[in-house]
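Shown next, in the form of structure tokens:
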């Protein structure tokens with residue numbers, strides 16, 4: 112009887128570490144990626160489109176809305192949950208003093 116209980120707990124632990132834990136970690140990473148979206152980030156949508164974030168609109172009573180530019184002049188409006196992954200983070204804007212003006 113005791114050996115069955117030990118085997119049962121071992122199977123439950125294996126199930127957790129092999130199946131559940133990686134999924135939970137992936138969900139946490141996706142949630143942090145979405146909450147850290149910035150204008151200029153390149154994203155891959157869950158529909159398979161690459162686009163650049165142009166606007167982020169957050170409202171308390173609704174899900175975060177984003178405007179994506181899929182091609183020059185082609186703007187798409189959707190929710191942040193439609194973002195599958197962030198493929199490239201926007202570079203920090205260079206300081207005005209460090210940009211060369213040619214003089």
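Numbering (the numbering used here), first residue to last: 112 to 214.
Backbone N, C-alpha and C define an ideal beta-carbon position, used for all residues, glycine too.
No experiment lies behind these values; they were computed from the predicted model shown.
Chain-order list of residues whose beta-carbon lies under 7 Å from that of residue i (same chain, five-residue window excluded)
i           : result
residue 206 : Residue placement at residue 206 is poorly supported in this model, since its pLDDT is 47, which falls under 50; the coordinates are not used for a value here.
residue 208 : Any reading at residue 208 must be qualified, since the residue scores a pLDDT of 46, below 50, and its modelled position is unreliable; the value itself is stated next. So the list is empty, once near-sequence residues are dropped.
residue 169 : 175
Beta-carbon separation (whole angstroms), residue i vs residue j, contact threshold 8 Å
i           : j           : result
residue 151 : residue 201 : 3 Å
Beta carbon of residue i nearer than 8 Å to that of residue j
i           : j           : result
residue 196 : residue 154 : yes
residue 185 : residue 167 : no
Sequence-distant residues of its chain with Cβ nearer than 6 Å to residue i (five each side left out)
i           : result
residue 187 : 179, 181
residue 163 : 153, 180
residue 144 : 197
residue 116 : none
Other residues of its chain near residue i: CB distance less than 8 Å, five sequence neighbours each side excluded
i           : result
residue 194 : 144, 145, 148, 154, 155, 156, 157, 177
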